[in-house]
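Colleague: Below you will find the structure I want to go over with you.
Here's what the structure looks like:
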């Protein structure tokens, strides 16, 4: 790679000081003149007909400025996809989960709003409810949506090669069923929305989001106002993890309250509301049958997976496909069949999650370990033999343009001392490995591309205008870094205007790991467009052809005679004196198969590139308490090219915290008849910094042919690999393969006890 | 002209509802968290050395967060021009007028800030002061700036042809001296600034302005921070009239207070501060000598003009030139000499004003009337004979590309019934005419051009991004109208992002009547750039060449087969499906002689085009009270092309209010030793709506070859013509030519009395 000033260097994120000093403003910090406080009335029933809602008393309460029910909203059903339109934001017919939105109020203060909620009388007729996949699928089970017989929401079917023949040709075949309960995104920032309408009927709205443009269009549809009357504004965002990609009932309710009251309204979810009324992850039952040859190479694999989707579709179609896709990207296989079902239950709505599919991914990896046990091949070797290679196609026909899967396995193994440790660790010590791969963007129709503008001031400083949002992962920094690098500027010379739908051009949104790749490319192209204009002027001034010139340190110089230079500010002034404007525009669309479907025909280029990650975890289990002590985690990922190693390491560590430390050790949602029993920070155990183990980060670079500077996604394939590696390490430590995740002390103790007693583990 | 949907139609301004309902937010409406209130300590002396400033007591007052003096600011002298750098924003050596800024405080509330001001002890040594042009020019007069002997700030000298020879060849020569005192801009919105710094040292600032980019660069210079760390933000503005084009001490003081306190600071001027510490208009003594031939055509003219500039240069160099330039544009003359002097006095600083130079312009016109009287040629005919024609050059070598001077005279005369009324009105009834011409932009170096971006949303709605500010004249509407017209959209389809230096590209600023011409052209070009991209796609879809297509009503159709059409939203979706972004960029630089100097060599193309206006006023004077009753005003202006007749009529009427009704009847500043005696709305008599006469508006269109749709400035040449016409009418009514303006009842009564007594009037 070239001789960069900023790219490839570890730099401090530009957003850190604001966040560290508390100066960053999140949606709940916003105060607008005459702003009201909104509150939502929620269903106490898991499944019930709504017979009547009486808001008359609430409306009369002093200080109440608006009360809304379904009558005040448009009753159309909404969905992320054309074929998943099943949710009314305030339902008219029935409620489908405990906590579903039924009515809302806006009042002068929170106390008044809460009091008003108590004055709303809702008459329900309770209906029988189902709370788990099995009951939902039973014949005669109560139907949650009349048009979805059997409570099947989505069925994804993939069938490549000949699975049956493949099993016939296999040397060894295993079938196991793995399960995992729901876990929570548990973003640091609870969901909060501020909305106001102006006199022209234009809506201005602030909320956590994974892309302002991603929110604006559906809001325009649901609120029945033109898109150019919806302005989703930039605000600091405290995490998304896949859960803030679609519009939320909170967005819509807040907007309707603002419209009805004709005043700004703020709606801040409590931690409990955040846990029950924003998207959370699916529970899952995955039955995996794998056949391998003598060398341990997978010949055939057949997976049936059921996911509990809760009451509505949400991003369900994606959620059903993704675990399969990650697997088929990471591992070679010729014959593969997948039947994925998303099932409706009377529980809160599930969405796409950063480490979606614990049962699936950990199941696949743990089963590989188990097969390896039978064949006498160690887990690392099993993965090496099945690892995806560059230049291959996945079973669903995605070309893999860059791939460091093997390199991550080897480097992680070396760093973790795999060969020295495997089979040689003391009792109750274990080591495990997991591999995974993720996409960088999905085919998302017309919002798939990103566009960026760059404008100059007369001193040579620039403003980058882009729709890219930063919801915590460091996108702001990435944009500034790329623009500054391309134009030979310092970070302090770049101002950033982003993520405001009225000001900034379209962008697919910061989800599905695509922003560095798609948005980063657009910013780079915009900067290059501007740079070409600068080079033209510099080339005249320095009497040298543009390709002899270098842009660096706020000046352009002849590469071979660095003292022959002209400053950027001088170039800008020359341009202005000639009545020319210097500006840059860049657009990037990922090369994906835009006809590729999520459900009916999942075949074609899914994503322009993929990242590949390996995690190795070493643990010590206390056989008396079942407590797991994580000794060391080694994370290696093919990130294409490391634009900012420090940020990437942060992403690796966050992924290990969420996928491994939380996802495999402590995080799960506890239920009682559709009620969440642990919605708060005390009972839902998100790992804290103090819980984290020692981590070795290994960045593998493969220089993706299409990524900006070769870069692609960073951190996400670590998150799931961590879960897999934690799982493998614990099972290795206790000598029992537990198939129910997460591996909490009770399950570990139980498994150890059974093993000691000689009983069969599940 | 073409068949337009919006252009040329009277449409309601988009900003009216916000302003009419009180929803528009001005700088003083802003509230920021932890915001402090700033207050300024002002000099009680007109001229005094500053010996010592003791802020220790003020700093100790509970609630005071910052006290600043010159020590806290950069002490560099600042000026609009390179050669006029004479003002420190907080002076270190001496104060030069009553009200000059000496120190400032920021405190938690206004009471505390005011109390803190009282605790600041300043020790002065009083110096002799001068308060008028004559005393300032006397030998031995106290010097206000040591490096300006004779207190001469600026001397503009223009000498074209041979004036002496011209007088020799003249049939009739007259010399008269005219005077006018200062008047006030009296913007509806008092000056207010809000400033805050963020953790990166970036300044965000809101204030009334005539162009955010016009403020940002000088602020960056004075505050010694890079330009990209200064963000001047959009806010509603209540009038500028030439007085808000440069940075004000309030801007700088507010920024320094915010920097020192590390909190947001709001500084709102009282009405009195607005009158003494923001720019106000110059007083003037103009001696005009004019020689004409038998037919009344001007052969030679020699003008010496002294203007009282107050204590500092400000926009003085422009102010000295402009009255001459307006005259030379309006009237033909072969030989002309001009000596313009701006004189320093110990009075508040004077700046460029919308109807700058009453003594000059009304003097020229009244003298034409007087010469006509001698020759037996009526005033209208005198103007016709001297009117500027299209295709001519002005004496200082500006080419006149479009000119409706003669047409405005003829049309106004016809409408006002000039021929029926001149010489035939009853006693104490009078009719008068005035003609004037103004520029549309000046050569202003690198900020002379305007740039605009247009982006589309996927429904076909657009956002226009431009640096153009609207400070009351309707620029926002003009931008939206042009963009919507070009792209076949409705006004509601257009969102506007403007006048925010960080977001919007550069623009010269909304002063010198240039925005419709320069900014309007840039917006039009940006829209055309986008339109060409739309046409390309439409042409493929409709199988027709782009020049057969029409863009209208949110669709593109084949002009000859209007039912063959494609909607804009469809085109945008086609573009997006092809991975193309539709956007537009446009830049416009006026074709002016950028080397043209204001002082040393005023020759070359001053402005790309000029507007021409004629006003005819009919009055009745009460000989008992001197009160003037304005019966009717007829205003005709060559506006090039009327983009929005309703807005233009509003500009005409505002011009008549300011130039005629206020400027010639009631508005002037009263002084006592450098103190303003009438700084408030009770004593300074700005005309109200109820004071206004019946007005006939006549729009003359000449279709300027370079203006957008042929448009140029609208309303400004009416403002000064109105003063001239009011003056002529009153003098005609009373049969005395009064040379001291404005024509207040006392002067009128005095003149009538003297005339009745047979005494000579001045």
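Chains as they are written, first to last, in this note's numbering: chain A, 1082 to 1843; chain B, 1082 to 1843. Glycine is no exception: its CB is placed at the ideal position from the N, C-alpha and C atoms. A quick note: this is a predicted structure, and the numbers were derived from the prediction, not measured.
Just the C-alpha distance for residue 1094 (chain B) and residue 1550 (chain B), rounded to the nearest angstrom, thanks.
Modeller: 15 Å
Colleague: Would you say residue 1374 (chain B) faces chain A, with C-beta separation under 9 Å as the test?
Modeller: no
Colleague: For the candidate residues A:1782, A:1702 and A:1656, whose alpha-carbon lies nearest to that of residue 1827 (chain A)?
Modeller: A:1702
Colleague: To the nearest angstrom, report how far apart residue 1802 (chain B) and residue 1256 (chain B) are at their CA atoms.
Modeller: About 21 Å.
Colleague: If you measure beta-carbon to beta-carbon, which residues of the segment 1556 to 1578 of chain A are closer than 8 Å to chain B?
Modeller: 1573, 1574, 1575, 1576 and 1578
Colleague: Excluding the 5 residues flanking residue 1307 (chain A) on each side, which residues of the same chain have their C-beta closer than 8 Å to its C-beta?
Modeller: The beta carbon of residue 1307 (chain A) lies closer than 8 Å to those of 1301 in the same chain, with the five residues before and after it left out.
Colleague: Whole-angstrom Cβ separation of residue 1384 (chain A) and residue 1405 (chain A), contact assumed at under 8 Å?
Modeller: 7 Å
Colleague: Any Cβ of chain A within less than 9 Å of the Cβ of residue 1770 (chain B)?
Modeller: No, its Cβ sits nowhere closer than 9 Å to a Cβ of chain A.
Colleague: In the DSSP assignment, what are the bridge partners of residue 1168 (chain A)?
Modeller: A:1159
Colleague: Distance check for residue 1776 (chain B) and residue 1089 (chain B), CA to CA, integer angstroms please.
Modeller: 21 Å
Colleague: Give me the Cα-Cα distance between residue 1258 (chain A) and residue 1322 (chain A), rounded to the nearest whole angstrom.
Modeller: 27 Å
Colleague: Please check the pair residue 1107 (chain A) and residue 1273 (chain A), which I expect to be a contact at CB under 8 Å, by giving their CB distance rounded to whole angstroms.
Modeller: So it is a contact: roughly 7 Å between Cβ atoms.
Colleague: Can you list, in chain order, the residues of its chain whose CB lies under 7 Å from that of residue 1113 (chain A), leaving out five sequence neighbours each side?
Modeller: Non-local beta-carbon contacts of residue 1113 (chain A) in its own chain, meaning distances under 7 Å to residues more than five positions away in sequence, involve 1275, 1277 and 1345 in chain order.
Colleague: Roughly how many angstroms separate the alpha carbons of residue 1581 (chain B) and residue 1556 (chain B), rounded to a whole number?
Modeller: If you take the alpha carbons of residue 1581 (chain B) and residue 1556 (chain B), they lie about 15 Å apart.
Colleague: Under three-state DSSP, which class holds residue 1381 (chain A)?
Modeller: strand
Colleague: Hey, is residue 1099 (chain B)'s beta-carbon within less than 9 Å of any beta-carbon in chain A?
Modeller: yes
Colleague: Measuring only the C-alpha atoms, how far is residue 1831 (chain A) from residue 1607 (chain A)?
Modeller: Rounded to the nearest angstrom, the two C-alpha atoms are 59 Å apart.
Colleague: Would residue 1737 (chain A) pass as a contact of residue 1774 (chain A) if the rule is Cβ separation under 9 Å?
Modeller: yes
Colleague: Starting from residue 1307 (chain A), find everything on chain B with Cβ-Cβ shorter than 8 Å and list it in chain order.
Modeller: 1540, 1542, 1573 and 1574
Colleague: Quick test of the definition: if touching needs 3 or more C-beta pairs under 8 Å, does the segment 1638 to 1652 of chain A touch the segment 1481 to 1495 of chain A?
Modeller: no
Colleague: If I'm right that residue 1836 (chain A) touches residue 1817 (chain A) with Cβ under 8 Å, what's the distance once you round it to whole angstroms?
Modeller: 5 Å
Colleague: Might you give, ordered along the chain, the residues of its own chain that have their beta carbon closer than 7 Å to the beta carbon of residue 1099 (chain A), omitting 5 neighbours on each side?
Modeller: So the qualifying residues of the chain are 1105.
Colleague: Got a sec, what are the start and stop residues for the alpha helix (DSSP H) residue 1617 (chain A) sits in?
Modeller: From DSSP, the alpha helix (DSSP H) with residue 1617 (chain A) extends over 1601 to 1623.
Colleague: For residue 1227 (chain A), does the count of other Cβ atoms within 10 angstroms reach 16, so buried, or fall short, so exposed?
Modeller: If you draw a 10 Å sphere on the C-beta of residue 1227 (chain A), you find fewer than 16 other C-beta atoms in it, and that means exposed.
Colleague: Report the residue from A:1172, A:1785 and A:1188 whose alpha carbon sits nearest the alpha carbon of residue 1181 (chain A).
Modeller: Minimum Cα-Cα distance from residue 1181 (chain A) among the listed residues A:1172, A:1785 and A:1188 corresponds to A:1172.
Colleague: For residue 1792 (chain B), which three-state DSSP category applies?
Modeller: coil
Colleague: Give me the Cβ distance between residue 1201 (chain A) and residue 1120 (chain A), rounded to the nearest whole Å; I'm assuming they're in contact under 8 Å.
Modeller: Incorrect: roughly 10 Å between the Cβ atoms, too far for contact.
Colleague: Do the CB positions of residue 1746 (chain B) and residue 1649 (chain B) come within less than 9 Å of each other?
Modeller: no
Colleague: Using the Cβ count rule (16 or more neighbours within 10 Å means buried), how would you classify residue 1771 (chain A)?
Modeller: exposed
Colleague: Taking only beta-carbon atoms, is residue 1312 (chain B) less than 9 Å away from chain A?
Modeller: yes
Colleague: Comparing alpha-carbon positions, which option in B:1699, B:1540 and B:1655 lies nearest residue 1504 (chain B)?
Modeller: B:1699
Colleague: What are the start and end residues of the alpha helix (DSSP H) that includes residue 1732 (chain B)?
Modeller: 1726 to 1736
Colleague: Kindly indicate which residue of B:1332, B:1252 and B:1142 has the alpha-carbon position closest to the one of residue 1189 (chain B).
Modeller: B:1142
Colleague: Would you be able to state if there are at least three C-beta pairs under 8 Å between the segment 1595 to 1607 of chain B and the segment 1661 to 1670 of chain B?
Modeller: Flag = yes, the segment 1661 to 1670 of chain B and the segment 1595 to 1607 of chain B touch.
Colleague: Quick test of your reading: residue 1179 (chain B) and residue 1125 (chain B), contact by CB under 8 Å. State the CB separation rounded to the nearest angstrom.
Modeller: 7 Å between Cβ atoms; contact.
Colleague: Do residue 1382 (chain B) and the ligand ADP come close, with the Cβ less than 8 Å from some heavy atom?
Modeller: For the ligand ADP, the structure offers nothing, since it holds no ligand at all.
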